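Just below is one structure, and these are the notes that go with it.
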Amino acid sequence: MADPGTAPGIGSFTPHNGGPDVGKASYARVPGRDVVDTVLGFARTLRHAGVGASPDRVSAMLSALGHLDVLDPAAVYWAGRLTLCAGPDDLDRYDVAFLAWFSGQRARIPRTAAQPEVRLAASAPLDAGTGEGDDDGDAPDLAAQASADEVLRHRDVAGLTDAERAHLRQLFALLVPASPMRPARRRRPAVHGAIHPGRTVRRALRDGGEVSRLLHRRARPRPRRVVLLIDVSGSMTPYADALLRFAHAAVRARPVSTEVFTIGTRLTRVTRELRLRDPDRALAAGGQAIPDWSGGTRLGEVLKAFLDRWGQRGTARGAVVVVCSDGWERGGTDLLAAQMARLRRLAHAVVWVNPHKGRSGYEPLTGGMQAALPSVDHFVAGHSMAAFEELSGVISRA
Amino acid sequence: MSEPTVPGSPGELAAALDATGYLPDEGLATAAYLALVMHRPLFLEGEAGVGKTALAQALAQLTGRPIYRLQCYEGLEASQALYDWDFGRQLLHLRAAEAAHAADDPARLEASLYDRRFLLARPLLQALEDSPSVLLIDEVDRADDEFEAFLLEVLSDFTISIPELGTVRARTPPLVVLTSNRTREVHDALKRRCLYHWLAHPDFDREVAILRRRLPEVTEQLAHQVARATATLRTLDLLKPPGVAESMDWATALHTLGARELDPDLAARTLGAVLKYREDTERVRSLRPEALFGG
Ligand SMILES: Nc1ncnc2c1ncn2[C@@H]1O[C@H](COP(=O)(O)OP(=O)(O)OP(=O)(O)O)[C@@H](O)[C@H]1O
Ligand SMILES: [Mg+2]
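In the order they appear, the protein sequences are chains R and D.
First residue of the first sequence? That's 1024 in my numbering, and the numbers climb one at a time after it.
First residue of the second sequence? That's 1388 in my numbering, and the numbers climb one at a time after it.
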């Protein structure tokens, strides 16, 4: 068993430029430890740090090392970084893990995945017949059930019992958010539009070389990207579960053109986790990925992080961006106002969902809401199933 | 064709790139070197204008290989990437055959219609046919993900099968460079087949070196000031942070105006060369260029 505390080091290592300073580590030449063992141990450390480092990637690192000087720490650094990392989010973790393993220090690795059993709903699992609500086991009267559903659809999810919540989840499974469309260049066969040469030639061949008619193709409308930013800070706890279920339904309906991030004290991309088919598993996976459940809110900063790392590059460009938050912001709101304005410039439409808006007499008085509203195209409620249905309508028409 | 000597280490490759006028850092040189010797595609991700496309061109130049570029866009389909049948010429051929009464044997006619000479090779097929080559798949993040799945197939065995003609296989796998601006995340299955490199904006020294190399007429003083001012602009959350392309445009504009150094007034007047959106220009003007590019 390899132990990070005694990992071999080699030469001396100068950190890559541009990235965070991983410090200068000094290396003692420790012969005898097999390169393969070293790499396998490093891969384990890296996985702990939250970087995938799958076996095929590890074998790519080994073969990269076969072409480089294994005694040169910079070469080892790059052989690993080029083969084991899959995106900019991996790079910081990689640097920390690299330093930890190869310098023999046990550096503290940020453990995003170390937040188990998140309180993704203080509620029962989705087994059929959970709890009191379903009472005596007989098939419920359909009409009564339907009207109960109707009532449930309009109830504020914050005030539901576990059983009602469980039932609501089944309704969520039926929700298929439609997506906004826009014209695109992709073509499909049609009666009008550009000529489809392949089809025309095949037809002419059948007709003995005579071009009897030109076959056409036409642009097929494409879904617009939808980006959901869901506030999972303390004040949103009663709604986070429902919002993530909404997000799950949206991702399932349009896996390619939907992106979901949670915002709170930090930004976490949960799209990948929400792609799992089963909503409970998807939410559990999403919950694992979210490190800041129920923390305080730093909307402005987190929105900036989103725009810097994703939005600006294109995730927000031309998209319908939906911010789900009560707008509670600790501290000043200037940053939030500026970032919302920036978001507005990039996005096709900005939708803000505030669960409190569903309450009668609600006025958007929180500083955060005041700061955000000038940059919002649609301001909607998000406190009940009915409100979510309405929200999908707003998104698809945006 | 025998290749010019292939560099034997990342350092040698860096020197060879340098000789073409492309100045890589250690990470990029290692990435390109490994792509060359491991026959593994290089996936380059980074902001606009950091030199992703230019790297592929420099690699083609130094290896003496032809370069084929597939520019991706939304709706890109296999026929535009692989091959298409030359519809016009096929029809002419049909007509000619008909006139010569050769149309009597439909099977033969059809076979003659799907002959190699009627095939229009697109970049992927060209790169495999003209081996060894450099294949640049530019801005793959703009293509749809169905196209990604298709690319994955081609890149895994470097063969293309054409039902009417047979299978085309590259004698030597092409050196493949894929670029992405990260407008969306490219599927992990595709990235796993590649070496992944995140290309950041160059640091100050490298940017000065690039400016000096690419624009020898620009004074050292001006190159320094442009590099520093560009670095400042990159910290401002602009809609489009300037890349190397923009700092070069800026230095060129300033040089054309006869400037030997950059002052706040000149900076304000030439901002259009380095910023590509009106909103960005307005924002920077509102921040008072004197404060940003101080005297
Ligand atoms: N390291 C470098 N050495 C020399 N020239 C460079 C370097 N990096 C960038 N350049 C120059 O900067 C310009 C922009 O580079 P290029 O077009 O390759 O960027 P890109 O990353 O492909 O951008 P985009 O995402 O907009 O396509 C080119 O003229 C290129 O020659
Ligand atoms: Mg480019």
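Built from N, CA and C at the ideal position, the CB exists for glycine as well.
Nothing here was measured: the structure is a model prediction, and the numbers come from that model.
- Item | Nearest-angstrom Cα separation, counted from ALA1186/R out to ALA1360/R | 40 Å
- Message: Is the separation between the beta-carbon of VAL1555/D and that of GLU1516/D shorter than 8 Å?
- Response: yes
- Looking at C-alpha atoms only, which residue of ASP1531/D, LEU1431/D, LEU1582/D, ALA1483/D is the closest neighbour of SER1086/R? LEU1582/D
- Which residues share a DSSP beta bridge with THR1554/D? SER1548/D
- Less than 7 Å between the CB of MET1635/D and some heavy atom of ligand 1, yes or no? yes
- SER1146/R burial status per 10 Å Cβ neighbour count (16 or more: buried): Its pLDDT being 28, under 50, SER1146/R is placed unreliably by the model, and the measurement read from it follows with that caveat. Its Cβ being crowded by 16 or more others within 10 Å, SER1146/R is buried.
- Message: The alpha helix (DSSP H) that contains HIS1611/D, what's its start and end?
- Response: 1607-1620
- Task: Kindly indicate which three-state DSSP category HIS1584/D falls into: helix, strand or coil?
- Result: strand
- Just mark VAL1360/D as buried or exposed, buried being the case when its beta carbon has 16 or more other beta carbons within 10 Å. Outside the shown range of chain D, which is 1388 to 1682, sits residue 1360/D, and nothing can be said about it.
- Query: Which same chain residues, not among the five before or five after ALA1342/R, have their C-beta less than 7 Å away from its C-beta?
  - Reply: ARG1247, ARG1248, VAL1249, VAL1250, ALA1370, HIS1371
- Measuring CB to CB, does SER1466/D end up less than 8 Å from VAL1527/D? no
- Message: Output needed in chain order: residues of the stretch 1256-1274 of chain R with a Cβ under 7 Å from some Cβ in chain D.
- Response: Per Cβ criterion, the list is empty.
- Message: Residues of the stretch 1103-1132 of chain R in Cβ contact with chain D at a cutoff of 9 Å, in chain order, please.
- Response: ARG1104, LEU1105, THR1106, LEU1107, CYS1108, ALA1109, GLY1110, PRO1111, ASP1113, LEU1114
- Task: Please check if any C-beta of chain D sits within less than 8 Å of the C-beta of SER1086/R.
- Result: Yes - at least one Cβ of chain D is within 8 Å of the one on SER1086/R.
- Message: So, at 7 Å on beta carbons, what are the nonlocal neighbours of THR1285/R in its own chain, with the 5 sequence-adjacent residues on each side left out?
- Response: ILE1253, VAL1255, THR1291, VAL1293, ILE1313
- Query: Would the beta-carbon of GLU1604/D fall within 8 Å of that of ARG1368/R?
  - Reply: Contact: no.
- List, in order along the chain, the chain D residues whose C-beta lies closer than 8 Å to that of ALA1098/R? PRO1397, THR1417
- Going by beta carbon distance, what residues of the same chain come within less than 7 Å of ASP1471/D, once the five residues before and after it are set aside? Spatial neighbours of ASP1471/D in its own chain (CB-CB distance under 7 Å, excluding positions within 5 residues in sequence) are listed in chain order as LEU1507, ARG1509.
- Item | Those runs of the alpha helix (DSSP H) which lie wholly inside the stretch 1049-1127 of chain R and span at least 4 residues | The qualifying runs are 1058-1071, 1078-1088, 1096-1107, 1111-1125.
- Message: At a threshold of 7 Å, does THR1570/D count as lining ligand 2 (C-beta to nearest heavy atom)?
- Response: No; taking the cut-off as 7 Å, the Cβ of THR1570/D has no heavy atom of ligand 2 nearer than that.
- Query: Less than 7 Å between the CB of ASP1528/D and some heavy atom of ligand 2, yes or no?
  - Reply: Placement of the Cβ of ASP1528/D at a distance of 7 Å or more from every heavy atom of ligand 2 is found.
- LYS1439/D beta carbon near ligand 1 (any heavy atom closer than 7 Å): yes
- Task: Express the C-alpha separation of ASP1301/R and PRO1676/D in angstroms, rounding to a whole number.
- Result: 54 Å
- Message: For ALA1655/D, which residues in the same chain have their Cβ closer than 7 Å to its Cβ, ignoring the five residues on either side in sequence?
- Response: ARG1672, PRO1676
- Anticipated Cβ contact below 8 Å, ALA1401/D with PRO1411/D, distance rounded: 6 Å
- Query: Excluding sequence positions up to five away, which residues of its chain have a Cβ less than 8 Å from the Cβ of ALA1498/D?
  - Reply: none
- Message: If the cut-off is 9 Å on Cβ atoms, which residues from the stretch 1356-1384 of chain R count as contacting chain D, listed in chain order?
- Response: ALA1361, GLN1362, ARG1365, ARG1368, LEU1369
- Identify, in the order they occur along the chain, each residue of the same chain with its Cβ nearer than 7 Å to the Cβ of GLY1433/D, setting aside the five sequence neighbours on each side. LYS1439, TRP1585, LEU1586, ALA1587
- Pair every Cβ in the stretch 1068-1080 of chain R with every Cβ in the stretch 1113-1121 of chain R, then say whether three or more of these pairs are closer than 8 Å. yes
- Helix, strand or coil at THR1392/D [DSSP, three-state]: coil
- Message: Does ILE1313/R come out as helix, strand or coil in the three-state DSSP assignment?
- Response: coil
- Taking C-beta pairs closer than 9 Å, name the residues in chain R that TYR1583/D reaches, listed in chain order. ARG1104, LEU1105, THR1106, LEU1107, CYS1108, ALA1109, GLY1110, ASP1113
- Message: One question on the structure: do ASN1377/R and GLY1350/R come within less than 8 Å of each other, judged by their Cβ atoms?
- Response: yes
- Query: Smallest Cα separation from ALA1638/D: which of LEU1623/D, LEU1625/D, GLN1608/D?
  - Reply: Residue GLN1608/D is the option with its Cα nearest to ALA1638/D.
- Task: Step through the CB atoms of chain R and report whether any lies within less than 8 Å of the CB of LYS1578/D.
- Result: yes
- Task: Compute every distance between the C-beta of PRO1589/D and the non-hydrogen atoms of ligand 3, then say whether any falls below 7 Å.
- Result: Among the ligands in the structure shown, ligand 3 does not appear; only ligand 1 and ligand 2 can be found there.
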